[in-house]
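Protein chains in written order, with this note's numbering: chain G, 450 to 927; chain L, 16 to 306.
Glycine included, every Cβ here is placed at the ideal spot set by N, Cα and C.
Remember, it's a predicted structure, so these values are computed and weren't measured experimentally.
Laid out in structure tokens, this is it:
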């Protein structure tokens, strides 16, 4: 027994020594590789999101300590982030060394050749290639940031799906369950179809009113002053009804049903009608809510259920300093129309939005080498688990199996498992090189529909016509 | 040396050079771009000469015409309110009252706040669900106040926000104007039996006209190009999609530089015309009086 104990202790000792040597080796590698750039400052810009804030607060400092390279990282609003990045890259000013590339804008950036081919750049600079960084470790989400040759143009830093969140404390309350069943004739449960979703929304809105609580039946990302409402409709609600690719037929260069598009079709009208019918059951801030406010409303306990970006799931479920519903968050797939999940499983559609982004290096960057080191640092496996736990994002396949994530998964009602197992049912934005241009054209019609100035059919009919005009103007139309 | 024009031009040259490089050259560039189709995300790269197409397009652009109407409505109500309030406050500040020094400091505070911060402050005040304004309006008066749902409420909130921000500026300029009015004409008018309204109309106002004109011009130019605080408040949704915000949307997210340039120039033209009409209206009346 004593011999066994000594043997075990010896093995542990050897492992620890080995690990510390490996760690020291790695530290040495970073210091050596970064030596020519020590003291340099690389600048980046991103949207202020939980994963980005983790980069700013934690990873940047770790990298600077390891390499001596300073990282100045702006986390700003979504609009400003795009403005700053595109202006910098277009004017070739070189202000930013790395920029956030949201999945939906990558096609525009690649078409404009704004970004450095990271695979090629690393191959051209073998002294800067870190062995702990492996492009094959990324989930298939990284494919969005690759060209036809499989070369990577952005290191994925966040990837998540927009899920259906609900409050378990309400849905599992015996009194509430009984009241619901009495009113609707069937048991209260997280919604699995749109009728059930509507009933839940109506019930909890009435319940909140009767109990004098600040509680409503659903979230709606229905801002009339921001593109977020268009995104919720086109990327979450539309696909769950079977409206794909924003209803735009890229081959035909049209959004109109008459020309092969679907933006003004029956499915789109049905989806918009349903979504707008949820507004009376949403908190009063719904028409001023972007994705941030939706997460805040849900975290404040003001909605019983809703469509919430997964990057917020972890903090809503676990961070008591910011959320009033910790420990009571249920996570499910978003509601879909009949046949939509089956189509998604066969690869003929998708049920919702697989969102995320990467950091890329603009050609205008003046510190490409130092930035390559930085991107490899954030892309290595060892930093992924804690980042994933803090930001509810996963970009490495192996992160799903990390004990820290398994522990966090239980607290977030299996969100990470859902992301791993059901993630393929979701999809990113369609590969349009004119993403923001066309969305800007659609925005006013969706906003006027939210205000009730246009019927869903009129709004989508006019939007489809406007999209066709814009596509024609941009040279992608009929 | 004092009468040597060369030295005058020499001293002016740095300013003229800066104006030329940063003012006139960009203006010419915008003028040039306005005659072209140019969107960096178009299938065909670079500028394509399109003549007056952009200008023809904006005539039929409902979003643009609506934004002009909204901007004029916003500017009219905001500036009129600021002038009336500013004049009354300036009148008040010419008199003695307890705590005058304190009020004078406090009332200029909004001027020191950056427009984007003004927008953020007001957004926090009026956002439904979190802001105190909708909460108390609902609780005390049963008024549903949701700037995201009611475009009129968004517009009037923008007007009130602008009045809060810029009335102190008008007060200060009016105060300077009132302080410079000689006492004799006022006293003479009173001796002649003029009442307070007649003193204001026939003595104070004519003396204030240059200050008034300058203040109105500055405020018109500011109001027409308002972007940051309104964008922060309501994001430029229906009710607050003013011309400045519309231009921002066309130029930045939509990257339609050619069309954005043409709208910018037309907006500049409208601003100049508006100021010119006001100048004629105000100075013309004075000319009539002299005659």
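(message) Tell me the rounded alpha-carbon separation between residue 925 of chain G and residue 58 of chain L.
(response) Against the first chain, residue 925 of chain G aligns to sequence position 476. Against the second chain, residue 58 of chain L aligns to sequence position 43. Distance from the CA atom of residue 925 of chain G to the CA atom of residue 58 of chain L, rounded to whole angstroms, is 7 Å.
(request) Kindly provide the ranges of any alpha helix (DSSP H) runs that are 4 or more residues long and lie completely inside the stretch 495 to 583 of chain G, ordered along the chain. (result) Within the stretch 495 to 583 of chain G, the complete alpha helix (DSSP H) runs of at least 4 residues fall at 499 to 503, 509 to 516, 527 to 540, 555 to 560, 567 to 573.
(request) Enumerate in chain order the residues of its own chain whose CB-to-CB distance from residue 105 of chain L is below 7 Å, with the five nearest sequence positions on each side excluded. (result) Counted from its first residue, the second chain places residue 105 of chain L at position 90. Within the same chain, residue 105 of chain L has close Cβ partners 186, 189, 190, 193.
(request) Just mark residue 713 of chain G as buried or exposed, buried being the case when its beta carbon has 16 or more other beta carbons within 10 Å. (result) Start at 1 with the first residue of the first chain, and residue 713 of chain G comes out as number 264. It counts as buried.
(message) For a cutoff of 8 Å on Cβ pairs, would you count residue 897 of chain G as touching chain L?
(response) Residue mapping note: residue 897 of chain G aligns to position 448 of the first chain, counting from 1. By this cut-off, residue 897 of chain G is an interface position.
(request) Step through the CB atoms of chain L and report whether any lies within less than 8 Å of the CB of residue 653 of chain G. (result) Walking along the first chain from the start, residue 653 of chain G turns up at place 204. Cβ-Cβ to chain L under 8 Å: no for residue 653 of chain G.
(message) Could you compute how far the alpha carbon of residue 98 of chain L sits from the alpha carbon of residue 293 of chain L?
(response) Counting from 1 along the second chain, the entry for residue 98 of chain L is found at position 83. Counting from 1 along the second chain, the entry for residue 293 of chain L is found at position 278. C-alpha separation (whole angstroms): 15 Å.
(message) Give the list of continuous alpha helix (DSSP H) stretches no shorter than 4 residues that lie fully inside the stretch 820 to 893 of chain G.
(response) You should have 833 to 840, 852 to 860, 864 to 871.
(message) Which same chain residues end up closer than 7 Å to residue 30 of chain L when comparing Cβ atoms and leaving out the 5 residues on each side of it in sequence?
(response) Taking the first residue of the second chain as position 1, residue 30 of chain L is located at position 15. So no residue of the chain qualifies.
(request) Within its chain, find whatever has a CB closer than 7 Å to the CB of residue 901 of chain G; leave out the 5 residues flanking it on each side and keep chain order. (result) The residue you call residue 901 of chain G lines up with position 452 of the first chain. Contacts found: none.
(request) Go to residue 757 of chain G, then tell me how far its beta strand (DSSP E) extends in each direction, as first and last residue. (result) Your numbering for residue 757 of chain G matches position 308 in the first chain. Segment 754 to 758, the beta strand (DSSP E) holding residue 757 of chain G.
(message) So residue 531 of chain G contacts chain L; which residues on that side make the cut at Cβ distance below 9 Å?
(response) Residue numbering aside, residue 531 of chain G sits at position 82 when the first chain is read from its first letter. Those within 9 Å of residue 531 of chain G in chain L are 267, 268.
(request) Output, in chain order, the set of chain L residues within a Cβ distance shorter than 7 Å of residue 925 of chain G. (result) Within the first chain, residue 925 of chain G is the residue found at index 476, counting from 1. Taking a Cβ-Cβ cut-off of 7 Å, the neighbours of residue 925 of chain G in chain L comprise 58, given in sequence order.
(message) So with CB distances below 9 Å, who are the chain G contacts of residue 78 of chain L?
(response) For this step, residue 78 of chain L is matched to residue 63 along the second chain. Think of a sphere of 9 Å around the beta carbon of residue 78 of chain L: the chain G residues whose beta carbon falls inside it are 893, in chain order.
(message) I'd like to check one pair, residue 45 of chain L with residue 276 of chain L: are the Cβ atoms closer than 8 Å?
(response) For this step, residue 276 of chain L is matched to residue 261 along the second chain. For this step, residue 45 of chain L is matched to residue 30 along the second chain. Yes.
(request) With a 10 Å radius around its C-beta and 16 neighbouring C-beta atoms as the bar for buried, classify residue 599 of chain G as buried or exposed. (result) One-based indexing of the first chain puts residue 599 of chain G at position 150. Looking at its Cβ environment, which holds fewer than 16 other Cβ atoms inside 10 Å, residue 599 of chain G is exposed.
(message) Given a cut-off of 8 Å on the beta-carbon distance, is the pair residue 751 of chain G and residue 664 of chain G in contact?
(response) Numbered from 1 along the first chain, position 302 holds the residue referred to as residue 751 of chain G. Numbered from 1 along the first chain, position 215 holds the residue referred to as residue 664 of chain G. Between residue 751 of chain G and residue 664 of chain G, the gap from beta carbon to beta carbon is short of 8 Å.
(message) By the three-class DSSP mapping on this structure, what secondary structure does residue 492 of chain G have?
(response) If you number the first chain from 1, residue 492 of chain G lands on position 43. Three-state result, residue 492 of chain G: strand.
(message) Tell me the DSSP secondary structure of residue 808 of chain G in three-state form.
(response) To locate residue 808 of chain G, count along the first chain from 1; it is residue 359. Secondary structure at residue 808 of chain G: strand, using DSSP grouped into helix, strand and coil.
(message) Strictly under 8 Å for the Cβ-Cβ distance: is residue 751 of chain G near chain L by that measure?
(response) Your numbering for residue 751 of chain G matches position 302 in the first chain. For residue 751 of chain G, the closest Cβ of chain L is nearer than 8 Å.
(message) Between residue 277 of chain L and chain G, is any beta-carbon pair separated by less than 8 Å?
(response) Within the second chain, residue 277 of chain L is the residue found at index 262, counting from 1. So, not an interface residue.
(request) Please list the residues of the stretch 670 to 689 of chain G that have a C-beta atom closer than 7 Å to any C-beta atom in chain L, keeping them in chain order. (result) Cβ contacts with chain L: 672, 673, 674, 675.
(request) Quickly, what does DSSP pair residue 271 of chain L with across the bridge? List them, please. (result) Position 256 of the second chain holds residue 271 of chain L. Looking at the DSSP assignment, residue 271 of chain L forms a beta bridge with L:54.
(request) Assign residue 795 of chain G to one of two classes, buried (16 or more other C-beta atoms within 10 Å of its C-beta) or exposed (fewer than that). (result) Taking the first chain and counting its residues from 1, one reaches residue 795 of chain G at position 346. Its Cβ having fewer than 16 others within 10 Å, residue 795 of chain G is exposed.
(request) Name, going along the chain, the residues of the stretch 536 to 570 of chain G whose beta-carbon falls closer than 9 Å to a beta-carbon of chain L. (result) Here the close residues are 536, 539, 557, 560, 561.
(message) Please state the DSSP three-state secondary structure of residue 200 of chain L.
(response) To locate residue 200 of chain L, count along the second chain from 1; it is residue 185. In the three-state DSSP reduction, residue 200 of chain L falls in the helix class (H, G or I).
(request) Starting from residue 252 of chain L, find everything on chain G with Cβ-Cβ shorter than 8 Å and list it in chain order. (result) On the second chain, residue 252 of chain L is found 237 positions in, with the first residue counted as 1. Residue 252 of chain L reaches chain G at 672, 673, 674, 675, 896, counting residues in chain order whose Cβ is nearer than 8 Å.
(message) Helix, strand or coil, according to DSSP, for residue 111 of chain L in the structure here?
(response) Indexing the second chain from 1 puts residue 111 of chain L at position 96. The answer is coil: DSSP assigns residue 111 of chain L none of H, G, I, E or B.
(message) If I measure Cβ to Cβ from residue 471 of chain G and keep anything under 6 Å in the same chain, skipping five residues before and after, which residues do I get?
(response) As a working mapping, residue 471 of chain G is identified with position 22 in the first chain. Interpretation of residue 471 of chain G is limited by its pLDDT of 49, a score under 50 that renders its predicted location unreliable; no figure is taken from the coordinates.
(message) Following a CB-centred definition, is residue 487 of chain G positioned closer than 7 Å to any heavy atom of the ligand MN?
(response) Ligands displayed in this structure: none; no statement on the ligand MN is therefore possible.
(message) So the candidates are G:479, G:843, G:885; which of them puts its Cα closest to the Cα of residue 872 of chain G?
(response) Within the first chain, the letter at position 423 stands for residue 872 of chain G. Nearest in C-alpha terms to residue 872 of chain G, of all of G:479, G:843, G:885, is G:843.
(request) Identify which residue in G:825, G:629, G:700 has its Cα closest to the Cα of residue 586 of chain G. (result) Start at 1 with the first residue of the first chain, and residue 586 of chain G comes out as number 137. Among G:825, G:629, G:700, the Cα nearest to that of residue 586 of chain G belongs to G:825.
(message) Any beta carbon of chain L sitting closer than 8 Å to that of residue 496 of chain G?
(response) Along the first chain, read from residue 1 onward, the residue named residue 496 of chain G stands at position 47. Residue contact with chain L for residue 496 of chain G: absent (no Cβ-Cβ distance below 8 Å to any residue of chain L).
(message) Looking only at its chain, what residues have a beta carbon closer than 8 Å to the beta carbon of residue 180 of chain L, apart from the 5 residues adjacent to it on each side?
(response) Your numbering for residue 180 of chain L matches position 165 in the second chain. Closer than 8 Å at the Cβ level, and outside the excluded window around residue 180 of chain L, lie 125, 126, 128, 130, 133, 244.
(request) Starting from residue 608 of chain G, follow its DSSP beta bridges and name the residues at the other end. (result) As a first step, residue 608 of chain G is located in the first chain; it is residue number 159 there, counting from the start. BP columns for residue 608 of chain G point to G:805.
(request) Can you have a look at residue 39 of chain L and say buried or exposed, based on whether 16 or more other CB atoms are within 10 angstroms of its CB? (result) For the purposes of this step, residue 39 of chain L is taken as residue 24 along the second chain, with counting starting at 1. That one is exposed.
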